Every structure is written in structure tokens, then in C-alpha cells.
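Residue numbers (full-length UniProt numbering): 1 to 174.
Encoded as C-alpha cells, the structure appears first; notes follow it.
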Amino acid sequence: MTGRPNIIQITTHDSGRHFGCYGHSTLHTSTIDELAADGVRFTNYYCTVPICSASRASQLTGLYPQSNGLLDLTGFGWRLKDDVQHMSRVLKTAGYRTLLFGVQHEVSRNELDRLAFDTMGERHGTADVVAGEAVKFLRKEAKSQQPFYAQIGFVETHTPFDRGGTKPDTAKGV
């Protein structure tokens, strides 16, 4: 690796602060907690808009929704303004290899090229599939002299729980 750090951004859909690393003692999120202990996590932050597409677009463009153009869900036809650059494109221009695994909500399916990812892995799989594929690529990339940016998104928050008595915050491996 060069002097520039590798960047791995993990996003879980609509999870808020519901992880052990944020003080929830009833949640069992040991892998995320370990990553948080060794990495960077948000502890003082504000949401620019309470809608996933627009909020992620703000985070990944550095612009408020009214400036980047994405004011609502991409599925409703909202899109980033043509001159707005996503973090993956900025990092690619800076010499990073860019990787996407799992869900993203910043552009619609027919505009994925705007994100400038070199590799796009499994986009709609379960966490074990997305994580497994990401780990495989990251192990390979770790040997490279080129720094990488990996954006990994999970949607398990929306997976239905068995409502037959298991409470979501005490389910093993949430």
C-alpha cells in the first residue's frame, strides 16, 4: 500500500445507533463492535434529511440535498445533479481502486456508471453473501500497492423477524 489509507465504508440500512458499540447492552453485534473499535465511527452527527437516498447522497457528496439535487428516494425519480460528484468518483480520480458491494441508494440502477466503481459485487444479497464477497475482494486488494475505497451496504434491518416470540434486540447475531 502507498502512504494513502485504504477506506472501507460500511452502511447498514435504517439502523441508527442500534449496535453494541453505541452502548446498547442487549444487542449482540460483536463483529461491528470490533470494526468500530479499530476504525472510525460517527459519534456526533446530524442527518440532513430523514430519507435514505437523500441522506446517503449528502454524506457521499458532501452537499445538502437542495445542493446535490437528491431530495427524496431515487426510486421516485430523484437524481443527483449532473455536476455533482460522488465520493467514489473523487477517490477514483485520486488514484484509488473503487469497489461496491451490497446496497447503495445514491443513484438509480440505470445510472450506476456515475458512481465510477471499478468493481461492483453482489448488490442485493443477504449480509453473509455480500460480506463474503467483499472479504474475498478486500483480501486480494490488501496486497495491492494501489489504495482502495470499498463501499459496503447491508439491508438486513428490513429482513422480517420471526414474530413468534423472538424480540429483535435480543436475537442472536443482530
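Where is the CB? At the ideal position from N, CA and C, for every residue including glycine.
Predicted model, so just to flag it, every value in this text is computed and none were measured.
Using only alpha-carbon positions, find the residue among Ile51, Tyr22, His28 and Ala116 that is nearest to threonine 43. Tyr22
Using only CA atoms, which one of Lys136, Ala94 and His86 lies nearest to leucine 112? His86
Just to confirm the assignment: which complete alpha helix (DSSP H) runs, minimum length 4, are found wholly within the UniProt domain "Sulfatase N-terminal" (5 to 161)? 30 to 38, 52 to 61, 65 to 68, 87 to 93 and 127 to 142
So, histidine 13 versus valine 155, is the Cβ gap smaller than 7 Å? yes
7 Å Cβ cutoff met for glycine 153 and threonine 11: yes
Can you tell me the Cα-Cα spacing of alanine 94 and leucine 115, whole angstroms? 14 Å
Out of curiosity, what's the CA-to-CA distance linking glycine 77 and leucine 70? 9 Å
For alanine 37, count the other beta carbons within 10 Å of its own beta carbon; 16 or more makes it buried, fewer makes it exposed. Which is it? exposed
Report yes if the C-beta distance between threonine 98 and tyrosine 149 is below 7 Å; otherwise report no. yes
Once you ignore the five residues that flank leucine 73 on each side, which residues in its own chain have a CB closer than 8 Å to its CB? Ile51, Cys52, Ser53, Ala54 and His105
Which residue wins for smallest C-alpha separation from methionine 120, given the options Ser144, Gln151, Lys143 and Tyr96? Gln151
Rounded to the nearest angstrom, how far is the Cβ of glutamate 122 from that of phenylalanine 101, given a contact under 8 Å? 6 Å
Distance, tyrosine 45 Cα to arginine 139 Cα: 31 Å
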